[in-house]
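Here is the structure we will look at.
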Amino acid sequence: MIRLLKPGPEWQIILIGPVVKIDPEVLPRHANIHYLGSKTYHELPAYLSGWDVSMIPFLLNDSTRFISPTKTPEYLAAGIPVVSTAIRDVVHPYRINKLVHIGSNASDFIHVIELELQSRKKSPWLVLVDHFLAGNSWDNTYSSMHILIQNALLNKNKISIAS
Numbered sequence: 009m010i011r012l013l014k015p016g017p018e019w020q021i022i023l024i025g026p027v028v029k030i031d032p033e034v035l036p037r038h039a040n041i042h043y044l045g046s047k048t049y050h051e052l053p054a055y056l057s058g059w060d061v062s063m064i065p066f067l068l069n070d071s072t073r074f075i076s077p078t079k080t081p082e083y084l085a086a087g088i089p090v091v092s093t094a095i096r097d098v099v100h101p102y103r104i105n106k107l108v109h110i111g112s113n114a115s116d117f118i119h120v121i122e123l124e125l126q127s128r129k130k131s132p133w134l135v136l137v138d139h140f141l142a143g144n145s146w147d148n149t150y151s152s153m154h155i156l157i158q159n160a161l162l163n164k165n166k167i168s169i170a171s
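In the working numbering, the protein residues as written are 9 to 171.
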């Protein structure tokens, strides 16, 4: 998560959430980087309302190989541009639908963030986001999973381990 006030070293980077699977001692420490720890869902809208750009800066390793950050649609629903590392479940479907940016290194992140800060035309992007997210709900996810489970149960005798 990032709150950008001005381009360059004046950016204020606000990180919310636990630090996991990484030694906190190796994290960068600067006056403009703020590690706030976990926050309640009730508190998050107040933070989101002040952000210009959001980041999903997961390391790409075995621990994050199959992670599916639910924060991606939350940031998009709030109308906040997202820059993420190339997490599989962010690339597909969000990046391939041109809803988020993927950065492979610090330079990529900086470049895309600067573009987002300079962009004045968010309306076309917001229309795409709203259209994509309109069919994205827990009810729809449940229904899709329920159908898959029922089909698997119906076809369990047809499934061969050798296939």
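Glycine residues also receive a C-beta, built at the ideal position from the N, C-alpha and C atoms.
Note on Ser115: under 16 other CB atoms within 10 angstroms of its CB, so exposed under the neighbour-count rule. In this structure, Leu56 and Ile88 form a Cβ contact; the two beta carbons are roughly 6 Å apart against a cut-off of 8 Å. As the crow flies, the alpha-carbon of Met153 is around 10 Å from that of Ala160. Around the beta carbon of Val27, fewer than 16 other beta carbons sit within 10 angstroms, so the residue counts as exposed. C-alpha of Asp70 to C-alpha of Glu18: approximately 34 Å in a straight line. Residue range 41-45 is occupied by the beta strand (DSSP E) that includes His42, with no alpha helix (DSSP H) assigned at that position. In this structure, the CA atom of Tyr49 is about 11 Å from the CA atom of Glu82. Across the structure, Arg37 and Pro53 are spaced so that their CA atoms are roughly 26 Å apart. Lys47 is not a Cβ neighbour of Ile64, given a cutoff of 8 Å.
The three-state secondary structure of Ile22, taken from DSSP, is strand. Separation of the CB atoms of Leu84 and Val120 is rounded to 15 Å, and the pair is thereby denied contact status at 8 Å. Residue pairing from DSSP leaves Val28 without any beta-bridge partner. Take Ala86, set aside five residues on each side of it, and the residues of its chain with a beta-carbon closer than 7 Å to its own are Leu56, in chain order.
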